[in-house]
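Below: one structure, written as structure tokens.
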Amino acid sequence: MMQENSISIHPLCRLPDDFWQQLTQTPWQFDLFQTLRRIDAQSGANYMLGFAPLPKYDLLRLGQKASMIFAPSTIAEVKQRENSKLYDMLIYSFGLFGPNGPLPLHMTEYAYTRQYTHQDPTLSAFANLFHHRLILLFYRAWANTQPTVSLDRQDNQRFCHYFSCLVGMGLPAQQKPDTINDHARYFLSGHLSRQWHNAEGLEKILSCYFHVPLKIVQNIPQWLKVEVQDQTRLKAGRNMPRLGKSAFLGIALYDVQHKFRIKLGPLKLAEYKMFLPEESKSRQLRDWVYQYLGIEYTWDVQLILHQSEIKGICLSEPIKLGLSSWLGKIERDKNKQPIHRGDLIYKPE
Numbered sequence: 001m002m003q004e005n006s007i008s009i010h011p012l013c014r015l016p017d018d019f020w021q022q023l024t025q026t027p028w029q030f031d032l033f034q035t036l037r038r039i040d041a042q043s044g045a046n047y048m049l050g051f052a053p054l055p056k057y058d059l060l061r062l063g064q065k066a067s068m069i070f071a072p073s074t075i076a077e078v079k080q081r082e083n084s085k086l087y088d089m090l091i092y093s094f095g096l097f098g099p100n101g102p103l104p105l106h107m108t109e110y111a112y113t114r115q116y117t118h119q120d121p122t123l124s125a126f127a128n129l130f131h132h133r134l135i136l137l138f139y140r141a142w143a144n145t146q147p148t149v150s151l152d153r154q155d156n157q158r159f160c161h162y163f164s165c166l167v168g169m170g171l172p173a174q175q176k177p178d179t180i181n182d183h184a185r186y187f188l189s190g191h192l193s194r195q196w197h198n199a200e201g202l203e204k205i206l207s208c209y210f211h212v213p214l215k216i217v218q219n220i221p222q223w224l225k226v227e228v229q230d231q232t233r234l235k236a237g238r239n240m241p242r243l244g245k246s247a248f249l250g251i252a253l254y255d256v257q258h259k260f261r262i263k264l265g266p267l268k269l270a271e272y273k274m275f276l277p278e279e280s281k282s283r284q285l286r287d288w289v290y291q292y293l294g295i296e297y298t299w300d301v302q303l304i305l306h307q308s309e310i311k312g313i314c315l316s317e318p319i320k321l322g323l324s325s326w327l328g329k330i331e332r333d334k335n336k337q338p339i340h341r342g343d344l345i346y347k348p349e
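Residue numbers (the UniProt record's numbering): 1 to 349.
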């Protein structure tokens with residue numbers, strides 16, 4: 001049995017009521033691929049054109065009009081079959097017949113004569129059995145390479161899959177849900193697909209996504225804790241620590257190679273609050289760093305509040321202790337203006 005249409009289309013996105021009427025009356029005003037795209041996106045058919053397992057699931061039949069003239073338009077004629085919802089669409093643009101077709105011209109003339117002189121469309125109908133499938137495959141090859149066409153239907157994400165493969169998210173196991181929209185990754189796939197990831201690339205990604213002033217500070221010093229089993233001990237044997245080579249003193253190592261800092265600001269108060277720990281943009285910032293650098297480096301965030309947003313504490317206003325509030329006098333510069341405050345440094349991980 002023929003399946004019912006199961007793709008839900010918003011009423012504003014459906015085909016107009018007079019679409020088929022205009023198409024049958026003035027087919028030369030329509031482009032072939034644009035018409036097929038509208039039918040594909042707005043008809044609500046269960047299968048996209050070119051993906052149906054059988055021709056009976058398609059909404060129309062495609063074929064070529066046997067004609068000796070050069071194509072004045074891509075679509076020749078469209079008509080509805082009697083006692084059926086199916087439409088027949090004949091085109092000029094490409095096929096077996098015509099002056100640009102692969103068959104000799106006398107075959108086109110013979111098919112035209114049989115159809116319009118003897119009312120015998122057998123040869124044209126036989127050729128259209130192949131035209132229908134070949135035209136749909138040709139349209140599908142075009143549609144699969146167009147980024148806008150892939151957004152027409154929810155079940156057509158072929159072009160998005162191409163971008164997912166570029167940024168290392170082509171497999172289902174790699175598509176972990178997070179706070180970043182997939183299309184934001186696709187837009188920045190040029191940076192994400194580079195072989196070498198550096199501070200400049202991360203800075204460009206974050207600047208483009210958040211639209212706030214920021215700076216990546218590299219070589220932030222830190223102390224790396226040395227586990228007890230890895231600490232130097234006095235012992236004998238071939239594996240004993242050697243001075244100047246494998247022995248070190250203390251329970252931690254001073255490191256300046258594996259940590260960086262993201263300085264955000266100066267920010268307005270509304271932006272500042274969105275970057276506070278566990279807020280929306282703080283989680284997005286964390287996911288972007290993981291997407292670009294993984295977990296190889298240690299990093300933190302420094303928020304800098306714009307001087308015009310620095311105010312004293314009022315009991316009537318909601319504040320967050322240690323995050324968006326300061327005690328004591330407000331520091332001012334030589335012109336007695338408040339200075340930017342960058343006291344808050346935290347780890348979003």
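Beta carbons: idealized from backbone N, C-alpha and C, even for Gly. Note that the structure is predicted; figures quoted are calculated from it, not measured.
Identify every residue that forms a DSSP beta bridge with residue i.
{"i": "LYS225", "result": "ALA252"}
{"i": "THR35", "result": "According to DSSP, which records beta bridges pairwise, THR35 is partnered with nothing at all."}
{"i": "VAL217", "result": "ARG261"}
{"i": "ARG332", "result": "PRO338"}
Output needed for residue i: all residues of its chain with C-beta closer than 7 Å, excluding positions within five of it in sequence on either side, in chain order.
{"i": "HIS132", "result": "PRO55, ARG61, LEU62, GLY63"}
{"i": "GLY170", "result": "HIS161, SER164"}
{"i": "THR298", "result": "GLN222, HIS258, LYS259"}
{"i": "HIS102", "result": "Residue 102 is actually Pro in this sequence, not His. Hits under 7 Å: LEU96."}
{"i": "VAL167", "result": "ARG185, SER189, LEU192, SER193"}
{"i": "residue 350", "result": "For the chain, the structure presents residues 1 to 349; residue 350 sits outside this window and is missing."}
{"i": "ASN156", "result": "MET48, SER150"}
Quick one: what does DSSP say residue i is sitting in, helix, strand or coil?
{"i": "ALA76", "result": "strand"}
{"i": "ARG194", "result": "coil"}
{"i": "PRO277", "result": "coil"}
{"i": "ASP88", "result": "strand"}
{"i": "ILE135", "result": "helix"}
{"i": "ARG61", "result": "strand"}
{"i": "TRP326", "result": "coil"}
{"i": "THR179", "result": "coil"}
{"i": "PRO172", "result": "helix"}
{"i": "THR122", "result": "helix"}
{"i": "VAL301", "result": "strand"}
{"i": "ILE205", "result": "helix"}
{"i": "PRO266", "result": "strand"}
{"i": "LEU234", "result": "coil"}
{"i": "LEU344", "result": "strand"}
{"i": "PHE51", "result": "coil"}
{"i": "GLU200", "result": "helix"}
{"i": "LYS311", "result": "coil"}
{"i": "PRO16", "result": "coil"}
{"i": "ALA247", "result": "coil"}
{"i": "GLU109", "result": "helix"}
{"i": "ASP155", "result": "coil"}
{"i": "GLU271", "result": "helix"}
{"i": "SER43", "result": "coil"}
{"i": "LEU321", "result": "coil"}
{"i": "ARG242", "result": "coil"}
{"i": "ASN144", "result": "coil"}
{"i": "PHE187", "result": "helix"}
Where does residue i land, buried or exposed, given buried means 16+ other C-beta within 10 angstroms?
{"i": "ARG14", "result": "exposed"}
{"i": "ASN128", "result": "buried"}
{"i": "PRO240", "result": "Reading off the sequence, residue 240 comes out as Met, not Pro. Exposed: under 16 other Cβ atoms inside 10 Å."}
{"i": "GLY322", "result": "exposed"}
{"i": "TYR92", "result": "buried"}
{"i": "ARG194", "result": "exposed"}
{"i": "VAL228", "result": "exposed"}
{"i": "TYR272", "result": "buried"}
{"i": "ALA111", "result": "buried"}
{"i": "PHE275", "result": "buried"}
{"i": "PRO348", "result": "buried"}
{"i": "PRO318", "result": "exposed"}
{"i": "PRO16", "result": "exposed"}
{"i": "SER324", "result": "buried"}
{"i": "PHE30", "result": "buried"}
If I measure Cβ to Cβ from residue i and keep anything under 8 Å in the same chain, skipping five residues before and after, which residues do I get?
{"i": "LEU105", "result": "MET68, PRO99"}
{"i": "GLU203", "result": "LEU214, LYS215, ILE216"}
{"i": "ALA184", "result": "TYR209"}
{"i": "ASP343", "result": "TRP326"}
{"i": "PHE51", "result": "ARG140"}
To which residues of the same chain is residue i closer than 6 Å at the C-beta, ignoring the five residues directly before and after it?
{"i": "LEU269", "result": "GLU309"}
{"i": "TYR57", "result": "TYR47"}
{"i": "ASP18", "result": "none"}
{"i": "MET89", "result": "LEU60, LEU62, VAL78"}
{"i": "ILE345", "result": "ASP300, GLN302"}
{"i": "SER124", "result": "ALA66, ALA111, GLN115"}
{"i": "SER86", "result": "The question names Ser, but residue 86 is Leu in the sequence shown. Correct list: empty, nothing qualifies."}
Looking at the ligand GTP, does it come within less than 6 Å of residue i, judged from the CB to the closest heavy atom?
{"i": "GLY201", "result": "Absence of the ligand GTP from the depicted structure is noted, as is the absence of any ligand whatsoever, leaving it without description."}
Between residue i and chain B, is there a C-beta pair that is closer than 7 Å?
{"i": "ALA199", "result": "Any reference to chain B falls outside this structure, which holds one protein chain only."}
Would you be able to state if there are at least three C-beta pairs under 8 Å between the region 298-308 and the region 255-265? At 8 Å Cβ cutoff, the stretches touch.
So does the region 19-31 actually touch the region 62-78, counting three or more Cβ pairs closer than 8 Å? The region 19-31 vs the region 62-78: in contact.
If contact is defined by three or more beta carbon pairs under 8 Å, each pair taking one atom from either stretch, is the region 146-163 in contact with the region 32-42? Yes: the two stretches touch, three or more of their Cβ pairs being nearer than 8 Å.
Does the region 132-145 come close enough to the region 27-37 to have 3 or more Cβ pairs within less than 8 Å? Yes, they touch.
Can you find at least 3 beta carbon pairs, one from the region 166-180 and one from the region 266-286, that sit closer than 8 Å? At 8 Å Cβ cutoff, the stretches touch.
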